[in-house]
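I have placed the structure first, in the form of structure tokens, so that the comments after it can refer back to it.
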Amino acid sequence: MSIVIKGGTVVAADRSYEADVLIEGERIAAIGPYLSGDTVLDAAGTCVMPGGIDPHTHLEMPFMGTTTAETWESGTFAALSGGTTMVVDFVIPEGDDLIGALDAWEARAKRQASSDYSFHMCITGWSEATFDAMELVVARGVNSFKHFMAYKGALMVDDDQMFASFQRCAALGALPLVHAENGDIVAALQQKFLAEGIRGPEAHAYSRPPEVEGEAVNRAIMIADAAGVPVYIVHVSCEQAHEAIRRARQKGMRVYGEPLAQHLALDEGEYAHPDWDHAAQRVMSPPFRDKLHQDSLWAGLSSGSLQVVATDHCAFTTAQKRMGLTDFTKIPNGTGGLEDRLPVLWTKGVETGRLTPNEFVAVTSTNIARILNIYPKKGAIAPGADADIVVLDPKAGKTIRASAQKSAIDYNVFEGVEVRGLPRFTLSRGEVVYSAGGNATPRPGRGRFVSRPAFPAANRALSTWKALVAPRAVERDPAHMPIGV
Ligand SMILES: NC(=O)NCCC(=O)O
Ligand SMILES: [Zn+2]
Ligand SMILES: [Zn+2]
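Here you go:
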């Protein structure tokens, strides 16, 4: 059984061109004019793009005394209906049982996922067992490890733990990821605002100013440089963080930055909303910022100093958010966006001219496929690539409504936003899993784990350079040494 996507414009990260796309089985077989197949999908007027990859999700994650309400079943179906064909989720171990946690995440995903998926492993402490387990994790196809510089008393790691873990990443050919906020300062500021009686969601933003993020990004980059490893900064929300990344890249360092669709589209005014639920639903870390920070993030995406747009989809219900009704520090941190990332970014990015369609593909799919070492299996429209494709109709639009979403939660942070650029079809490994106007349903168990081998190239290049420029003892002729000391 073959499928041909006919009459569209193939939009890749590097160029756009008119062509049909022929799919045989799970892969792209050919691209060119006048192709035919058993089933024809009409793509006239659309952009035929690599399916979105969201590299930052938290499905069914235990966090802050509760568990995210988005299941693997609802989350991956929501992703597909929004044109995202693969998610990368964060495994949070209890203590140093990395393998036990990976098994648990894998079991949940395998049973429920409709889309393909992969994992990052979180490092939440440091021990010999963690050191040993990291090698096993990489052998299981997980080549990235996340470190939290925030969430003091819970997930946060210290600089020395992070340095040890980064060095281990360097040795294993793995990529460290960092949630960069100065957790000590955040904790102190939280106490200050509580003491002053500012207990609402607005204090969440007050306690996490941009400087707190900028400082931590600088520190993470310095630690990565000392360890001789590239580093990927998740949910970059402000100019201070972006500036640190930009500067490091100008110095030749391999530092990657990931803004979120929410930070690009929504601002800090959300926390001043008179309705407590509205404001609490938008509590996430780092918080939404002002328009100048948004401008910085957009500029980073178009100039290349930021590479990826994710969602950090971490969806709690309104009832869960109310755990922090009298104390903002107890509001579970996280927002949704998985289903809306592509149309929101198309509307706010491509339609406004901030991004070209090719840059859109780069930041929603191709760049992260490269960074995570799964390109061109994923992130490409090319013969031999997995047929993960979104046929995106730039003219199709809607108003985002929680009442119509596939996501399991009862609100949407983009409620009321008018978007265009909706999927006409989403294909996952050659199967149409969503079509506009069709009646797609979740396909639990259909999604497959995407193994990501270690990527020695960047790490080897770095360690070669580090060895070349390493401090060395100066060989001195004894004739030039003082006598008798
Ligand atoms: N971002 C957020 O507020 N929640 C999800 C966990 C994390 O990534 O920090
Ligand atoms: Zn984070
Ligand atoms: Zn996250």
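The sequence shown maps to residues 1 to 485 in the UniProt record's numbering. We put the CB at the ideal spot given by N, CA and C, even for glycine.
Extent of the continuous beta strand (DSSP E) to which residue i belongs
i, result
"Gly32", "Arg27 to Gly32"
"Val178", "Leu175 to His179"
"Asp42", "Thr39 to Asp42"
"Lys321", "That residue, Lys321, is in no beta strand (DSSP E); its alpha helix (DSSP H) goes Thr318 to Lys321."
"Gly192", "Reading off the sequence shown, one finds Lys at residue 192, where the question assumed Gly. Careful: Lys192 lies outside any beta strand (DSSP E), inside the alpha helix (DSSP H) at Gly183 to Ala195."
"His278", "Run containing His278: none in the beta strand (DSSP E); it sits in the alpha helix (DSSP H), Trp276 to Gln281."
CA nearest to the CA of residue i, picked from the options
i, options, result
"Thr441", "Gly75, Gly7 and Asp14", "Gly75"
"Thr85", "Ala454, Gly379 and Leu292", "Gly379"
"Ile53", "Ser36, Arg370, Ser407 and Ala195", "Arg370"
"Lys110", "Asp20, Arg27 and Glu73", "Glu73"
"Val350", "Phe166, Arg420 and Ser365", "Arg420"
"Phe63", "Ala473, Val10, Gly7 and Ala154", "Ala154"
"Ala13", "Leu59, Tyr375, Asp312 and Phe455", "Tyr375"
"Leu136", "Phe166, Asp97 and Met156", "Asp97"
"Phe328", "Arg476, Leu194 and Ser365", "Leu194"
"Thr366", "Ala404, Gly95 and Gly51", "Gly51"
"Thr399", "Asp340, Pro383 and Asn358", "Asp340"
"Asp42", "Thr67, Thr57, Thr9 and Gly65", "Thr9"
"Trp465", "Met253, Val212 and Lys152", "Met253"
"Ser451", "Ile221, Val87, Val229 and Tyr17", "Val87"
Buried or exposed (CB count within 10 angstroms, at least 16 for buried), residue i
i, result
"Asp89", "buried"
"His480", "exposed"
"Asp275", "exposed"
"Gln262", "buried"
"Lys291", "exposed"
"Lys321", "buried"
"Glu418", "exposed"
"Pro453", "exposed"
"Arg168", "buried"
"Asn182", "buried"
For residue i, three-class secondary structure by DSSP
i, result
"Glu415", "coil"
"Glu70", "coil"
"Gly300", "helix"
"Met49", "strand"
"Gly349", "helix"
"Pro62", "strand"
"Met1", "coil"
"Tyr206", "helix"
"Pro55", "strand"
"residue 486", "Past the edges of the chain, shown from 1 to 485, lies residue 486, and the structure says nothing about it."
"Asp225", "helix"
"Tyr271", "helix"
"Asp14", "coil"
Beta-bridge partners of residue i, as assigned by DSSP
i, result
"Gly397", "Arg420"
"Phe119", "Asp89"
"Gly257", "Ile233"
"Met162", "Bridge partners of Met162: none, in fact."
"Lys6", "Asp42"
"Ala404", "None; Ala404 has no bridge partner."
Span of the alpha helix (DSSP H) around residue i
i, result
"Glu131", "A small correction: the amino acid at residue 131 is Phe; Glu does not occupy that position in the sequence shown. Glu128 to Ala139 is the span of the alpha helix (DSSP H), which, as asked, contains Phe131."
"Ser451", "That residue, Ser451, is in no alpha helix (DSSP H); it is neither H nor E in DSSP."
"Phe245", "It should be noted that the sequence gives Ile, not Phe, for residue 245. First-last of the alpha helix (DSSP H) with Ile245: Glu239 to Gln250."
"Leu102", "Leu98 to Gln112"
"Thr359", "Reading off the sequence, residue 359 comes out as Glu, not Thr. Where Glu359 is concerned, the enclosing alpha helix (DSSP H) stretches over Pro357 to Val361."
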